[in-house]
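Enquirer: Pasting a structure below so you can have a look.
Number of protein chains: 2
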Amino acid sequence: VTDGAPRRRRVVIVGAGFGGLSAARRLDGHDVDVTVVDRNNFHTFLPLLYQVATAGLNAADVAYPVRSVFQRHQHVAFRQATVTGIDWERRLVLLDAADPLPFDHLIIAVGSAPNFFGTPGAAEHSFPLYSLAQATGLRNQVLRCFESADAQVAHQRDGTLNFVVVGGGPTGVEVAGALGELIDKVLARDFHTMDARRARVILLEAGDRLLAPFSTRSQRFARQVLTWRGVDVRLGEQVTEVRPDAVVLASGEEIPTRTLVWAAGVRANPLVDQLGFELGRGGRIRVAADLSVPGHPDVYVIGDSADIAAGPAPDATGDGAPRLPQLAQVAIQGGRHVADEILRGEGAPRPFHYFDKGIMATIGRRAAVAELPFGPPLRGMVAWLAWLGLHLVYLMGMRNRASVFVNWAWNYLTWDRGPRLIFAGSGPPTAGAPTDT
Amino acid sequence: VTDGAPRRRRVVIVGAGFGGLSAARRLDGHDVDVTVVDRNNFHTFLPLLYQVATAGLNAADVAYPVRSVFQRHQHVAFRQATVTGIDWERRLVLLDAADPLPFDHLIIAVGSAPNFFGTPGAAEHSFPLYSLAQATGLRNQVLRCFESADAQVAHQRDGTLNFVVVGGGPTGVEVAGALGELIDKVLARDFHTMDARRARVILLEAGDRLLAPFSTRSQRFARQVLTWRGVDVRLGEQVTEVRPDAVVLASGEEIPTRTLVWAAGVRANPLVDQLGFELGRGGRIRVAADLSVPGHPDVYVIGDSADIAAGPAPDATGDGAPRLPQLAQVAIQGGRHVADEILRGEGAPRPFHYFDKGIMATIGRRAAVAELPFGPPLRGMVAWLAWLGLHLVYLMGMRNRASVFVNWAWNYLTWDRGPRLIFAGSGPPTAGAPTDT
Chain A
1 VTDGAPRRRR VVIVGAGFGG LSAARRLDGH DVDVTVVDRN NFHTFLPLLY QVATAGLNAA
61 DVAYPVRSVF QRHQHVAFRQ ATVTGIDWER RLVLLDAADP LPFDHLIIAV GSAPNFFGTP
121 GAAEHSFPLY SLAQATGLRN QVLRCFESAD AQVAHQRDGT LNFVVVGGGP TGVEVAGALG
181 ELIDKVLARD FHTMDARRAR VILLEAGDRL LAPFSTRSQR FARQVLTWRG VDVRLGEQVT
241 EVRPDAVVLA SGEEIPTRTL VWAAGVRANP LVDQLGFELG RGGRIRVAAD LSVPGHPDVY
301 VIGDSADIAA GPAPDATGDG APRLPQLAQV AIQGGRHVAD EILRGEGAPR PFHYFDKGIM
361 ATIGRRAAVA ELPFGPPLRG MVAWLAWLGL HLVYLMGMRN RASVFVNWAW NYLTWDRGPR
421 LIFAGSGPPT AGAPTDT
Chain B
1 VTDGAPRRRR VVIVGAGFGG LSAARRLDGH DVDVTVVDRN NFHTFLPLLY QVATAGLNAA
61 DVAYPVRSVF QRHQHVAFRQ ATVTGIDWER RLVLLDAADP LPFDHLIIAV GSAPNFFGTP
121 GAAEHSFPLY SLAQATGLRN QVLRCFESAD AQVAHQRDGT LNFVVVGGGP TGVEVAGALG
181 ELIDKVLARD FHTMDARRAR VILLEAGDRL LAPFSTRSQR FARQVLTWRG VDVRLGEQVT
241 EVRPDAVVLA SGEEIPTRTL VWAAGVRANP LVDQLGFELG RGGRIRVAAD LSVPGHPDVY
301 VIGDSADIAA GPAPDATGDG APRLPQLAQV AIQGGRHVAD EILRGEGAPR PFHYFDKGIM
361 ATIGRRAAVA ELPFGPPLRG MVAWLAWLGL HLVYLMGMRN RASVFVNWAW NYLTWDRGPR
421 LIFAGSGPPT AGAPTDT
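As you go down the protein sequences, you meet chains A and B in turn. Going by my numbering, the first residue of the first sequence is number 1, and it counts up by one from there. Going by my numbering, the first residue of the second sequence is number 1, and it counts up by one from there.
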């Protein structure tokens, strides 16, 4: 370090989601040493988690080992660990099961977590969909409920076969549609010894429409398709309590269920609470226009963990400005932006400009909605094919793409699903855990 | 039941392994009602578990939902449950989370469990390979040890990178060979920031040769290939204790390791201990020549849970007779035999005759041994191709076959592995478990 040659700058990226990997790829090959930190050793392709939860895809199809991405890149390292804090004085990222990591630049890209809005019982008894473990957990629960109803007649009438989805945004619509199809097309045949059509899928939305960010025509289309396919869509219903065996609505009504999917809202990953930064909406870190943290010019926050103003603030506090949505594209473009800022090194910070590529949501077989920045809104088969193609392109790794493509083709042609396994664990942590120091 | 038409006989099959499914398929379409009971909702293709454990295949590739097999068969039902006992008076199979099942004929096909021979610590701290959860547990452990050694320098020298396999039978040889390849070809590239070649694979065998049931030439070949590929093969080494961080040998030597694979022996599934039958070798149920339980002509035991004499007994007790090995073919042929016995209904019981189709074991890439009932023993590439082909044929479900084939082709051509994910759980059992009565 003292021998004349300038020391390579060290960039630590916390989080291997869309944002973190986008920044790492942009930095790769330049004159910096990069370390990506994540609690998992794989990147999770969140947009397809609902298909894992409804037995359409394997868990491994939507997960890609981070080390595979950077296998041939000597200056990108990986660390499987959880951040426990930052030592600002010595400029170290502190980790739970790894030696501390020195940094010159820090990129925080830790994503979202479910927001339960303080609803009693929701955190304990509902199934969110923000991690691979939650996706397989939901799949196991749905299949277990069917096994249980088949094995014990009493469970055919006590709500075990009611599946409730809370939240009518894209995630809620996708899960409800896919659950309806799973039950109607696959489980009804698997469970031929009982009447599987007793099962009900109920979608609860507090507002007066589904898919709030979409156009009115797309919203109506989504509602129609879901209803045609047997989903009970109920608007204006607010959840006030979640119990192990029922959900309670604001009207006082109780719907018996053992499976409540929570898709009602997101907040920043609670990890950001410990970092000592000023937080904005949804627990997200307030950032300047260049995505740096005010007062910390070498720390950037990207993606779902950043509270990013979408335009000029109408007042001095900036509180009234609209915010960028929690979308993969915001994270990906933000990752590229901060990588460029770090590589540029000198000069005044440049503001981040988000290029809106549009939004899409799938409702089920041959039905989706897509609203692109050009052209008219798409509905039905065309939007569905666009959705399939785009997700294949953004999925990481040729093997995963091939596997997802084959699974989709199989599911489409045979009306079958693949891995409807109830597979709970991968046991035994009784052997010496090597993570203790 | 009283209206003249004879009641269809009810057959309950406990266990959805090779034996149980073979019996169910043979009975299907005949004048009987069949119910298959298993604690999992899927059949596990045990011969490929070691490939899941070494990140060559997905968990879902070697598991096949039982209900898929019998989706179009109205007279074969499935029950996901564990047998808690048998009510002989009322002829009911009692289950833990399901209504009791009445039976006229009972087939017990519950398979094997690891035999620790009372070795202290082995049950608590070792990784056996008899279930899908154990296979993914071993995969997670191996990958976690590498992550840990990369994250904390101290773990590069404390035995975290020692992987010990106990038992030189086919399973031990297969695991040791596949682990060696995983480390040498894949993890060495993934972990380019440390010297992954510090990692060692050690195969301990208590006897004086590997692959005891094979010919001497096959045994030598296996040992040579393993040694060439960097596995430390140590014969005549007996394990006396397993600790969380070391294994102790009879010589007093201690090998530091956090990952001990137990492939040293099998016994019958402990479930059979509760059924009140007379047990023979390895805790297996003693059966008559027709595979029925002496004194219970309507109860049959097949596969690994049966203690089956391979020939006429040299003495009256039958104790000295050789026994049939624990092989898939014994279970499959036994399943067909007892199905035929049940369907025949009348006449004297017919003895089971096992047709030996030979044995094979794979050692690694392009290396296997195979000894078929005809022709000379095969070694190397030819045996390896025979092994691949046969396992594809016996694997259940076209989708699984396609997926395994694609994975094998990919692994072979790219020297890569697929799903090296550390993926522990599929959470949250906090929501209402529907299995309680």
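Glycine residues also receive a C-beta, built at the ideal position from the N, C-alpha and C atoms. Here the structure is a predicted model, which means the values were calculated and not measured.
Are the beta-carbon atoms of A212/B and G169/B separated by less than 8 Å?
Expert: Yes, the Cβ-Cβ distance between A212/B and G169/B is below 8 Å.
Enquirer: Based on DSSP bridge pairs, tell me the residues matched to W262/B.
Expert: According to DSSP, W262/B bridges with V166/B.
Enquirer: For the stretch 128 to 151 of chain B, which residues have a CB atom closer than 7 Å to at least one CB atom of chain A, in sequence order?
Expert: Here the close residues are L132, A133, Q134, T136, G137, N140, Q141, L143, R144, C145, E147, S148 and A151.
Enquirer: Could you name the residues of the stretch 153 to 172 of chain B whose beta carbon sits closer than 7 Å to any beta carbon of chain A, in the order they occur along the chain?
Expert: Going along the stretch 153 to 172 of chain B in chain order, one finds V153, H155 and T160 with a Cβ nearer than 7 Å to chain A.
Enquirer: Rounded to a whole number of angstroms, what is the C-alpha to C-alpha distance between I308/A and W228/B?
Expert: Roughly 57 Å between the two C-alpha positions.
Enquirer: Would you call F127/B buried or exposed, if buried means 16 or more other Cβ atoms sit within 10 Å of its Cβ?
Expert: When all chains shown are included, F127/B counts as buried.
Enquirer: Relative to the C-alpha of R439/A, which candidate in L27/A, G15/A and A176/A has its C-alpha closest?
Expert: The requested residue 439/A is not part of the displayed model; chain A covers only 1 to 437.
Enquirer: In the DSSP assignment, find the unbroken beta strand (DSSP E) run with I86/B in it and report its ends.
Expert: Counting along the chain, the beta strand (DSSP E) containing I86/B begins and ends at V83 to D87.
Enquirer: Is I439/B close to chain A, meaning its C-beta is less than 8 Å from at least one C-beta of that chain?
Expert: Since the first and last residues shown for chain B are 1 and 437, residue 439/B lies out of range.
Enquirer: In whole angstroms, what separates the C-alpha of M360/B from that of A222/B?
Expert: Each residue's alpha carbon lies about 11 Å from the other.
Enquirer: Strictly below 8 Å CB to CB, what residues from chain B border W410/A?
Expert: Going along chain B in sequence order, the residues near W410/A (Cβ under 8 Å) are R399.
Enquirer: Could you give the DSSP three-state label for Q74/B: helix, strand or coil?
Expert: Correct three-state label for Q74/B: coil.
Enquirer: From the beta carbon of D190/B, is the nearest beta carbon of chain A less than 8 Å away?
Expert: Taking Cβ atoms only, chain A reaches closer than 8 Å to D190/B, which makes this a yes.
Enquirer: Could you tell me which whole alpha helix (DSSP H) segments of length 4 or greater appear in the stretch 208 to 234 of chain B?
Expert: Listed in chain order, the complete alpha helix (DSSP H) runs (minimum 4 residues) inside the stretch 208 to 234 of chain B are 216 to 228.
Enquirer: Would G397/B and Y64/B qualify as a contact pair, given that the criterion is a beta-carbon distance under 8 Å?
Expert: Their beta carbons are under 8 Å apart, which means G397/B touches Y64/B by this criterion.
Enquirer: On the three-state DSSP scale, how would you describe D307/B?
Expert: The answer is strand: DSSP assigns D307/B an E or B state.
Enquirer: Rounded to the nearest angstrom, what separates R365/B and W415/B at their Cα positions?
Expert: Using only the alpha carbons, I get a separation of about 10 Å.
Enquirer: Determine the direct distance from the alpha carbon of D340/A to that of R197/B, and round the result to whole angstroms.
Expert: Their Cα atoms are separated by approximately 36 Å.
Enquirer: Do the CB positions of L226/B and V239/B come within less than 8 Å of each other?
Expert: For L226/B and V239/B, no; Cβs fall outside 8 Å.
Enquirer: Tell me whether S292/A is buried or exposed, calling it buried when 16 or more other Cβ atoms sit within 10 Å of its Cβ.
Expert: By the neighbour-count rule (16 or more Cβ atoms within 10 Å), S292/A is buried.
Enquirer: Check whether the Cβ of R10/B lies closer than 8 Å to any Cβ atom in chain A.
Expert: Judged by the 8 Å Cβ criterion, R10/B is not in contact with chain A.
Enquirer: Looking at the structure shown, is D96/A part of a helix, part of a strand, or coil, going by DSSP?
Expert: Reduced to three states, the DSSP call for D96/A is coil.
Enquirer: What residues from the stretch 56 to 69 of chain A come within 9 Å of chain B, judged by C-beta to C-beta, listed N to C?
Expert: Listed by position along the chain: N58, A59, A60, D61, A63, Y64, P65, R67 and S68.
Enquirer: Just list the alpha helix (DSSP H) runs in the stretch 312 to 363 of chain A, keeping only unbroken ones of 4 residues or longer that don't cross its boundaries, in chain order.
Expert: Fully enclosed alpha helix (DSSP H) runs of 4 or longer: 328 to 344.
Enquirer: Select from the stretch 207 to 237 of chain B all residues with a C-beta closer than 9 Å to any C-beta belonging to chain A, and list them in chain order.
Expert: Against chain A - using a Cβ distance shorter than 9 Å - the stretch 207 to 237 of chain B contributes no residues.
Enquirer: How should S426/A be labelled, buried or exposed, when 16 other C-beta atoms within 10 angstroms of its C-beta is the threshold for buried?
Expert: Reliability fails at S426/A, whose pLDDT of 46 lies under 50, so the model's placement of it is uncertain and the value that follows must be treated cautiously. Buried: at least 16 other Cβ atoms inside 10 Å.
Enquirer: With the cut-off set at 8 Å, would you say V52/A and T35/A are in Cβ contact?
Expert: No.
Enquirer: Would D158/A and R200/A be called neighbours here (beta carbons separated by less than 8 Å)?
Expert: No, the Cβ-Cβ distance between D158/A and R200/A is not below 8 Å.
Enquirer: CA-CA distance, R72/B and F78/B?
Expert: Straight-line Cα distance between these residues: approximately 13 Å.
Enquirer: Using only CA atoms, which one of R90/B, P376/B, H296/B and I108/B lies nearest to P100/B?
Expert: For P100/B, the nearest C-alpha among the options comes from R90/B.
Enquirer: Indicate whether at least one CB of chain A lies closer than 8 Å to the CB of A402/B.
Expert: By this cut-off, A402/B is an interface position.
Enquirer: Quick check: is the beta carbon of I422/B nearer than 8 Å to any beta carbon in chain A?
Expert: Cβ-Cβ to chain A under 8 Å: yes for I422/B.
Enquirer: Hey, would you say T84/B sits closer than 8 Å to L92/B, going by beta carbons?
Expert: Contact flag unset, no.
Enquirer: What is the rounded straight-line gap between the Cα of Q80/B and the Cα of V142/A?
Expert: Approximately 14 Å, taken between the alpha carbons.
Enquirer: Could you please tell me which residues of the stretch 19 to 52 of chain A, in chain order, have their CB closer than 8 Å to any CB of chain B?
Expert: Taking 8 Å as the Cβ-Cβ cut-off against chain B, the residues of the stretch 19 to 52 of chain A that qualify are N40, N41 and F42.
Enquirer: Note down, in chain order, every chain A residue with its Cβ under 7 Å from the Cβ of P419/B.
Expert: Those within 7 Å of P419/B in chain A are A60.
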